[in-house]
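Q:
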Amino acid sequence: MLQGADRPQNEPQNIPENIPATQFKPVADLYGLTSPTGGEASFTFDAVEARDFIDGGWSCQEYVELGRFQEAMLQNGNSPAQSDCCPEQNYIAPAQDGDSPVIPDGWVACSERMPEDEQEVLTRNKMGHCFVSFFDEHSGLFFDRINVAAACCVEHILVTHWMPLPAAPQQEA
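Residue numbers (this note's numbering): 33 to 205.
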């Protein structure tokens, strides 16, 4: 049985509605903001500005640089978060010359080469997040889908590396 499955699911919680900004320390490196209708998106590095958007009904996704996140987790005695998307990021990679992480074989640096136009690829951004993306050669950007109105697409930002998707499994004859 799942932990807590025997308790009512809608128990009242003791969570204050508004926490003053002075009571928390912002940790995100980037805030992705989406309008209440989903038709607009914005990004900011400023926690106070993000809070203003949230107060206006926008939703917010916080992004933290992977190295900083892993360092904070290890300082608190926890292991880094595990990812189903990119299992190779489930360890702390040793540093090369400087502080750039080791990228496993198969990843192509965007500074070296970009995918073909409208090619579906696996991407990894500066924060260590992985996405299945489509490359748009005309804009030089990665998106979550192609051939739809721009307002319906989500841009995958700060992409540093990509790799081709593996071939689909074949049915046995």
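A virtual CB, placed ideally from N, CA and C, is assigned to each residue, including glycine. Bear in mind the structure is a predicted one, so any value in this text is a computation, not a measurement.
Pull up the DSSP beta-bridge partners for serine 91, would you.
A: Bridge partners of serine 91: Thr66.
Q: Take the Cβ of serine 165 as the centre, count every other Cβ of all protein chains shown within 10 Å, and call the residue buried at 16 or more, exposed below.
A: Serine 165 is buried by the Cβ-count criterion.
Q: Reducing DSSP to helix, strand and coil, say where glutamate 152 ends up.
A: Three-state DSSP puts glutamate 152 in a strand.
Q: Exposed or buried, leucine 197, counting other C-beta atoms within 10 Å across all chains shown (16 or more means buried)?
A: Leucine 197 should be labelled exposed.
Q: Considering only their Cβ atoms, is the gap separating methionine 159 from tyrosine 63 smaller than 7 Å?
A: It is not a contact, given that the beta carbons lie outside the stated cut-off.
Q: Please return the same chain residues whose Cβ sits closer than 7 Å to the Cβ of glycine 109, not counting the five positions on each side in sequence.
A: Bear in mind that the predicted position of glycine 109 carries a pLDDT of just 48, short of 50, making it too unreliable to give a figure here.
Q: When the Cα of serine 74 is compared with those of Pro147, Asp84 and Thr66, which residue comes out closest?
A: Closest option to serine 74, Cα to Cα, is Thr66.
Q: Just list the residues that DSSP pairs methionine 195 with in beta bridges.
A: Answer by DSSP bridge pairing, in chain order: Leu154.
Q: Note the first and the last residue of the continuous beta strand (DSSP E) segment covering serine 74.
A: Counting along the chain, the beta strand (DSSP E) containing serine 74 begins and ends at 73-76.
Q: Given a cut-off of 7 Å, decide if valine 186 and threonine 155 are closer than it, judged by their beta-carbon atoms.
A: Cβ distance not < 7 Å, so threonine 155 and valine 186 don't count as in contact.
Q: Do you know offhand how far glutamine 151's Cα is from isoleucine 86's?
A: Approximately 35 Å between the Cα atoms of the pair.
Q: Does DSSP put cysteine 185 in a helix, a strand or coil?
A: Coil at cysteine 185, not helix or strand.
Q: In angstroms with no decimal places, state the Cα-to-Cα distance between proline 68 and aspartate 61.
A: Proline 68 and aspartate 61: Cα-Cα distance of roughly 23 Å.
Q: Please classify histidine 170 as buried or exposed, where buried requires at least 16 neighbouring CB atoms within 10 angstroms.
A: Looking at its Cβ environment, which holds fewer than 16 other Cβ atoms inside 10 Å, histidine 170 is exposed.
Q: Mind reading off the beta-carbon distance from phenylalanine 167 to valine 180? Whole number of angstroms is fine, and I expect it under 8 Å.
A: Between valine 180 and phenylalanine 167 the Cβ distance is about 15 Å, and since that is not below 8 Å, they are no contact.
Q: Using CA coordinates, which residue listed in Cys142, Ala199, Gln203 and Ala205 is at the minimum distance from phenylalanine 174?
A: That would be Cys142, whose Cα lies nearest to the Cα of phenylalanine 174.
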